[in-house]
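>
Protein chains in written order, with the working numbering: chain A, 206 to 316; chain B, 196 to 309.
(1) Alpha carbon to alpha carbon, what distance is there between residue 267(A) and residue 242(B)?
(2) I'd like the span of the beta strand (DSSP E) that includes residue 247(B), first residue to last.
(3) What residues from chain A crowd round residue 297(B), counting only those whose CB sits closer than 8 Å?
(4) Give the residues of chain B in contact with residue 293(A), contact being defined as C-beta atoms less than 9 Å apart.
(5) Taking the CB atoms as reference points, tell me whether residue 254(A) and residue 241(A) lie closer together than 8 Å.
(6) So, helix, strand or coil for residue 280(B), using DSSP?
(7) For residue 216(A), which residues of its own chain have a beta-carbon under 6 Å away from its beta-carbon, when the five flanking residues on both sides are left out?
(8) Which chain B residues are close to residue 235(A), counting only those with a beta carbon under 9 Å from its beta carbon?
(9) Given that residue 288(A) touches chain B, what residues does it touch there, using C-beta distances under 7 Å?
(10) Who are the near neighbours of residue 272(B) in its chain, counting only those whose CB is closer than 6 Å to its CB and skipping five residues on each side?
(11) Just the C-alpha distance for residue 301(B) and residue 272(A), rounded to the nearest angstrom, thanks.
(12) Using a Cβ cut-off of 9 Å, pull out every chain B residue sitting near residue 280(A), in sequence order please.
(13) Pick from 277(B), 297(B), 282(B), 307(B): whose alpha carbon is nearest that of residue 210(B)?
(14) Return the first residue and the last residue of the beta strand (DSSP E) that residue 267(A) is part of.
(15) Suppose you measure from the CA of residue 249(B) to the CA of residue 264(B); what does that come to, to the nearest Å?
(16) Do the CB positions of residue 226(A) and residue 278(A) come within less than 8 Å of each other?
(17) Who does residue 236(B) pair with in a DSSP beta bridge?
(18) At a cut-off of 7 Å, would you count residue 200(B) as near the ligand ADP, judging by its Cβ distance to the nearest heavy atom?
(19) According to DSSP, is residue 287(A) helix, strand or coil?
(20) Taking only beta-carbon positions, decide if residue 245(B) is within less than 8 Å of chain A.
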């Protein structure tokens, strides 16, 4: 399958601070998706990026797709306790039916 | 509209036993898939289906069987459970292929094999 690296694996953030998690692929991607999984829950779709250099925002979350379509980032500003969970990137390659997930970045927030 | 429903939520098996994890969706999605989630490894694709009667292997298919007789249902069978199959299993469905659109996940089935 596709090689996908997500860093960091863990992110401990002070409430109110910003942080960024990164997703890197060894191959050029057709698209990338981001999911969030709350502790004890199931993954929930956040967004899909398709175009090279694409930037999308959802309130305090900013998603970016790299120019070469090999990497992506998720930036969260003014972290809140509701941001706790694991954020996964998921890669779509040449096969539209296989979505490969990264290992995730687990976020904890200090109040 | 229940979305994706998985049963059971929890199951304990002994090595060598067989069981079926059930998955049903009421969104008329053609695409369905099974993932397993292990600590530090993200979600790994086991099998997927692009429609009734059509299934294919994912990343980690060994030890698992699937079938798709209807659009709604996509059961996952463990023929002879092994401790390495202890995991959380998620069923997911989508309007399009898994990489072409949003995946809707069930709540998961936690399996322990002793």
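Backbone N, C-alpha and C define an ideal beta-carbon position, used for all residues, glycine too.
Reading off the structure:
(1) 32 Å
(2) Note, residue 247(B): premise wrong, no beta strand (DSSP E); not H, not E.
(3) 238, 250, 253
(4) 237, 238
(5) no
(6) helix
(7) 224, 310, 312
(8) 294, 295
(9) Those within 7 Å of residue 288(A) in chain B number zero; the least Cβ separation is about 19 Å.
(10) 215, 260
(11) 33 Å
(12) The premise fails here: residue 280(A) is roughly 20 Å from chain B at the closest Cβ pair, so nothing lies under 9 Å.
(13) 277(B)
(14) 266–270
(15) 9 Å
(16) yes
(17) Partner(s): none; residue 236(B) has no beta bridge.
(18) Absence of the ligand ADP from the depicted structure is noted, as is the absence of any ligand whatsoever, leaving it without description.
(19) helix
(20) yes
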